[in-house]
Amino acid sequence: MAEHVSDTPSVLDEIQRGEGLSLSTAGRLFPGHRGGVAVSPSTVFRWVTKGTRSSAGQVVRLDAVRVGGRWLTSRGAVKRFVAALTDNSIPGACIYEPVPRSPVALAQAAEKAEAALRAMGA
Numbered sequence: 078m079a080e081h082v083s084d085t086p087s088v089l090d091e092i093q094r095g096e097g098l099s100l101s102t103a104g105r106l107f108p109g110h111r112g113g114v115a116v117s118p119s120t121v122f123r124w125v126t127k128g129t130r131s132s133a134g135q136v137v138r139l140d141a142v143r144v145g146g147r148w149l150t151s152r153g154a155v156k157r158f159v160a161a162l163t164d165n166s167i168p169g170a171c172i173y174e175p176v177p178r179s180p181v182a183l184a185q186a187a188e189k190a191e192a193a194l195r196a197m198g199a
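Take 78 as the starting number for the sequence shown in our numbering and just add one per residue.
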């Protein structure tokens, strides 16, 4: 399996300056999901080897290098990774423009919600 590392020279420079992070340390830079303590190293490994799809449909990978038997990344690489994912999904914090409802559609939705609440006994 060929691994794609898009910005290896920058990551190497950052690691040589002492900014290298193990994948588990990189995972601790992110808050946990569903009550977890941090993002798991296996998730960070997946971001390095397979990437994650942006809202625009592009695969974005976390820049990293393999040194011996372990992968190293950097804070700069994490920042670029998050920026690449975020840039593709923010024209104004909303990926799509919601279609405004007509007054009739709003009234119908309100009536439907009231009927559902009455059926639940509220």
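All residues carry an ideal CB built from backbone N, CA and C; glycine is no exception.
The three-state reading of DSSP puts Ser99 in strand, counting E and B together. Under DSSP, the beta-bridge partners assigned to Pro108 are Ala115. For the stretch 115-156, the full-length beta strand (DSSP E) segments reaching 3 residues or more read 142-144 and 147-151 along the chain. Residue state for Arg195 is assigned as helix, using DSSP reduced to three classes. The straight-line gap separating the alpha-carbon atoms of Val144 and Gly104 is approximately 18 Å.
By the criterion of a C-beta distance shorter than 6 Å, Lys189 is surrounded by no residue of its chain, once the five residues flanking it on both sides are discounted.
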